[in-house]
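Engineer: Before we start, here is the structure in question, set down as C-alpha cells.
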Amino acid sequence: MPPIRQLDRNPHYLEYQGRPIALVGSGEHYGAVLNLDFDYERYLDALAGDGLNLTRTFTGSYREIPGSFGIADNTLAPQPDRFIAPWARADRPLREKEGPVFDLERWDEAYFTRLRDFLSYAARKGVVVELVMFCFLYNDRLWQANPFHPANNVNDTEDPADRHDVYRMGCPRIQASQEAMVRKIVTECNGYDNFYFEIHNEPYSTHDAQDFRPWQNRIIDVIVETEQGLPNRHLIAQNVNNRTMRVTDLHEAVDIVSFHYAEPSAVWGNYHLGKVIADDETGFKGQSPTPYRREAWHFMLAGGGVFSHLDYSFTPSDPAGEGTPTANTPGWGGPEWRRQLRVLAEFLAGFDLPAMSPAEQVLNNFVGGGSAAAGVRVLAETGRQYAVYVDGGGPRIELGLGLPAGSYRAEWVHPAMGHVMAAEQFDHPGGSHAFRSPFYAEDLALRILAQA
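Reminder that position 24 of the sequence shown reads as 25 in the numbering used here, one-by-one numbering, no gaps.
Take a look at the structure:
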C-alpha cells in the first residue's frame, strides 16, 4: 500500500491502506522517541486500545528541560543522559558542559533504530504518526539546551544575537546541519506508510510566521528533493496559526494545513485550498473533558480531517496514561477523556465522510432553551447522510432541517457516553423536518441516514 495520502475524491480527507480515514488522537507531549525513559509500546497499546489512531512526535532537533512550562513529568523534557537525538555523542567533552554534547556530522544509529521501531510498532497498532521536524525556540533557556547551540556540539555552530535566526536562514552552519538531518530522516523513514511530516511546530508563537516562511519553504524543498530519489512520497503538514486565519502563499507541496486550539472557521476559511485541515494541538481550556470534547466535535463536523488532542496523562512514569494530569498542566487527558473522544471517532466512522461537506445551510430553524446562540454544525451529503452537532441550547431543542423526499432514520447520540438516546424512522415528503431532541445537559449529536 502507498503511504497515507490525500483522498482523490475529496482532498479534505485522507486515505490510509486503501480506505478513507479521519485521524483522531489524544497523544503524549511529543517525546516518545527522544526520551529514553518513555515506554512507547505501552503508550501505543493504550492509544490503540482506546480506539484512537494518531500521535505526534518530535525528532530531537528540539527538546525541553525538566520544569519547562511547569509541566510535571514532561515526556519532551528527558533527563540530560536520557535524551536521544539524531546525532552521535561527541568523543570528547566540550568545556565543562553538563549533559549531551553532539557531533552534528555523525549519526546515532541507536536513535534511528528507535525511530524506525516506533513507526513500525505504531503501524502494527493502526496508529498514524505526525513526525515534526523542528520546533519554535520559546525562550533562551530552550535555545541553550538545543543541539544546534554551540555549547552542545563540537561543530562550531553559530550563536546568533537573536535565537530566531536559527529558522531564518541566518545561520549557514546550523542550516547545513538542519538540512542534513532532514535528508537522513526522510531517507530512513521512507519505507513506512503510517506517517507524514510536519515542518515546524508553532513558528508564529512570538513572531509573524511569515518571518520564517523562506526557511520553512527550503525545508519543504529538501523533503521533496530527497523523496524524488526514493520509492515513496509522504504528506507534508504546515502549522500556520493558533485558532484561525485565512492562509495565503502556501507552498505547493503542503498537503495538510494545521492549526492549534482551532476554531471551525479555520476549516471554512480555508476549504477552498483543497487541503486537509487539522486541529493539531489543544490546551488551556481547563481541567475537565467538556471544553476539549466541544472543540473536537465542532472542528470535525465543520469539515476538519485531523484532530490531535494533547493528553498530559501520558508521562514517563505512566506511559499508558492510566491516571489524570496534575493540576499544573495546561490541558487535560486520561482514560475517561479518551473514552469520550472515542465516541467522536466511532461516530465519524459511521459515515461515508468523503461524500460529505459542511452544510449548515440545511438548518432551517433552531428552537430551544438556554442560550439562543447554541452552536450547531452540520456535515452532510444531501439526501443520503447528515451528521449534526449541537452545543448548548438545552435542556431540549427542536431543529428544522431541510431534507429531500425519502425515508430516513435519525438517532440522537450522547457525545460523552456514546449511547443512542432516542431514535425515529420516518418517511418525508421533502422540505423542512422538525427533529425534537431528548433531554440533555451539555451537548448532543444527531445522525440521519437515508433508508433504502
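Cβ coordinates follow ideal geometry from the N, Cα and C atoms, glycine included.
Here the structure is a predicted model, which is why all the values come from computation and not from measurement.
So what does DSSP say about I5, is it helix, strand or coil?
Structural biologist: Coil at I5, not helix or strand.
Engineer: Is R64 helix, strand or coil when you go by DSSP?
Structural biologist: Coil at R64, not helix or strand.
Engineer: Given this structure, state the Cα-to-Cα distance separating G275 from S358, to the nearest angstrom.
Structural biologist: Rounded to the nearest angstrom, the two C-alpha atoms are 12 Å apart.
Engineer: Please name the residue or residues paired with F436 in a DSSP beta bridge.
Structural biologist: The partner list for F436 (beta bridge, DSSP) reads L400.
Engineer: With 16 other CB atoms within 10 Å as the buried threshold, where does P79 fall?
Structural biologist: Answer is buried; the Cβ neighbour count reaches 16.
Engineer: Quick check: the Cα distance between G384 and D212, rounded to an integer number of angstroms?
Structural biologist: Taking the straight line joining both Cα atoms gives about 46 Å.
Engineer: Could I get the ranges of all uninterrupted alpha helix (DSSP H) runs contained in the stretch 32 to 81, with 4 residues as the minimum, in chain order?
Structural biologist: Counting only runs of 4 or more, we get 41 to 50.
Engineer: Are there three or more Cβ pairs, one per stretch, closer than 8 Å when the stretch 14 to 23 is compared with the stretch 285 to 299?
Structural biologist: No, the stretch 14 to 23 is not in contact with the stretch 285 to 299.
Engineer: How big is the Cα-Cα spacing for P101 and S62?
Structural biologist: So the alpha carbons of these two residues sit roughly 13 Å apart.
Engineer: Shorter than 8 Å from the beta carbon of L364 to some beta carbon of chain C?
Structural biologist: In the structure shown, chain C cannot be found, because there is only a single protein chain.
Engineer: Within the continuous beta strand (DSSP E) that includes S408, where are the two ends?
Structural biologist: Note, S408: beta strand (DSSP E), 407 to 414.
Engineer: Have a look at the DSSP bridge pairing and note the partners of G376.
Structural biologist: BP columns for G376 point to D392.
Engineer: Within the same chain, show all residues whose beta-carbon is closer than 6 Å to that of S261, passing over the 5 residues directly before and after it, in chain order.
Structural biologist: According to the sequence shown, residue 261 is His rather than Ser. Once the five neighbours on either side are set aside, the close Cβ partners of H261 are N243, D281, E282.
Engineer: Would you check if the stretch 337 to 347 and the stretch 418 to 425 touch, i.e. whether three or more CB-CB distances between them fall below 8 Å?
Structural biologist: At 8 Å Cβ cutoff, the stretches touch.
Engineer: Starting from the Cα of P430, find the closest Cα among L402, R448, W413, I22 and give me that residue.
Structural biologist: That would be L402, whose Cα lies nearest to the Cα of P430.
Engineer: How is the beta strand (DSSP E) around R90 delimited, first residue to last?
Structural biologist: Run containing R90: 88 to 90, per the beta strand (DSSP E) assignment.
Engineer: E180 lies in the alpha helix (DSSP H); which residues open and close that run?
Structural biologist: Here the alpha helix (DSSP H) through E180 covers 173 to 190.
Engineer: Within 10 angstroms of the Cβ of Q217, are there 16 or more other Cβ atoms? Answer buried if so, exposed if not.
Structural biologist: So Q217 counts as buried.
Engineer: Could you round the C-beta distance between T56 and G32 to whole angstroms and report it? I think they count as a contact, below 8 Å.
Structural biologist: About 11 Å separates the two Cβ atoms, so there is no contact after all.
Engineer: With burial defined as no fewer than 16 other Cβ atoms inside 10 Å of the residue's Cβ, what is the status of R6: buried or exposed?
Structural biologist: Buried: at least 16 other Cβ atoms inside 10 Å.
Engineer: Does the pairing of the stretch 32 to 50 with the stretch 315 to 323 give three or more beta-carbon distances under 8 Å?
Structural biologist: Because the criterion of three Cβ pairs below 8 Å is met, the stretch 32 to 50 and the stretch 315 to 323 touch.
Engineer: In angstroms, rounded to a whole number, what distance separates the CA positions of R10 and D353?
Structural biologist: Their backbone Cα atoms lie some 12 Å apart in a straight line.
Engineer: Verify whether the separation of the beta carbon atoms of E228 and V255 is less than 8 Å.
Structural biologist: Cβ distance not < 8 Å, so E228 and V255 don't count as in contact.
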